[in-house]
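In our numbering, the protein residues as written are 6 to 277.
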């Protein structure tokens, strides 16, 4: 099985990264894919958003399994993985992940610890989505080293867009030094309030600035209070507001991601 590992990454918080990870993952599962979502943020927003309000009380998390890898202990099959009612699996996170990040500084091959774990489970899934923390620290570098694809959610505001350059520099560095297979699927414009001229101007700025060198998804995720409510309820937008505009947007995004995936596979076939 050729598993697609997709990291959703942006060093800026509050850009719908976790919401997009959750709803894209469940959208892919609704299309018949086997999906694992990995919460790789010590804040554990994805874990909480998927119905686990007390992540620090879970018997095992991503911190647990990575700790076993660092101490060269054997992993139990499926250890820590939770099964969600909407047809996806979740590897949860807790606050201990922040301590683990600090301990990675003195570890040999510290950039590839997450990859070592994903290599043990990836043959069970068609897609693994990694929800990265809002920073460009060692955890995010691990996610970029493990992934073969990246989606960059960007809020339609000036400052989040301005931070893109630093992120793209980090991606280039990881590609050059650690993971030459890393590719950017695209920039996802999220929390777009199309009622305002400012949001439309920012969307146009992103497309004009990056559109020639980086794919910018046609789908824009609209701003909606319903999406925030869904996360607070521990449900996807498909369950919480299935006929709403945000659910429709994530369905379209899912189709775009699958289409882009097929195009890349066809391209690889052609150049062989």
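Cβ atoms here follow ideal geometry from the backbone N, Cα and C, with glycine treated the same way.
Item	Value
Taking its Cβ as the centre, do 16 or more other Cβ atoms sit within 10 Å of residue 178, making it buried, or is it exposed?	exposed
Identify the continuous alpha helix (DSSP H) that holds residue 70 and give its terminal residues.	67-75
I'd like the span of the beta strand (DSSP E) that includes residue 161, first residue to last.	It is not in any beta strand (DSSP E) - residue 161 carries neither H nor E in the DSSP assignment.
Run the CB neighbour count on residue 156, radius 10 Å, all protein chains shown included, and call it buried at 16 or more, exposed below.	buried
What residue range is occupied by the uninterrupted beta strand (DSSP E) comprising residue 152?	Element bounds for residue 152: n/a, residue is neither H nor E.
Count the C-beta pairs between the segment 47-57 and the segment 264-272 that are closer than 8 Å, then say yes if the count reaches three, no if not.	no
Please go through the same chain and pick out, in chain order, the residues whose beta-carbon is closer than 7 Å to the beta-carbon of residue 180, but skip the five residues on each side of it.	187
Spell out a yes or no on whether the segment 6-18 and the segment 198-205 are touching, meaning 3 or more CB-CB pairs, one atom from each, closer than 8 Å.	no
Measure the beta-carbon distance from residue 98 to residue 46 and round it to whole angstroms, keeping in mind my assumption that it falls under 8 Å.	6 Å
Specify the secondary structure class of residue 186 as computed by DSSP and reduced to three states.	coil
Could you say if the segment 81-94 and the segment 24-39 meet the contact criterion of at least three C-beta pairs nearer than 8 Å?	yes
Have a look at the DSSP bridge pairing and note the partners of residue 135.	12, 43
Do residue 41 and residue 133 have their CB atoms nearer than 8 Å?	yes
Pick out whichever of 49, 105, 59, 37 has its Cα sitting closest to the Cα of residue 69.	105
Would you give the residue range spanned by the beta strand (DSSP E) that residue 221 belongs to?	221-227
Compare the C-alpha of residue 120 against each of 241, 67, 234, 176 and name the closest.	67
Determine, using beta carbons only, whether residue 231 and residue 246 come nearer to each other than 8 Å.	yes
Near residue 238, which residues of its chain fall below 8 Å by C-beta distance, leaving aside the five closest residues on each side in sequence?	245
For residue 197, write down the residues that DSSP places opposite it in a beta bridge.	227
Measure the Cβ-Cβ separation of residue 263 and residue 251 and say whether it is below 8 Å.	no
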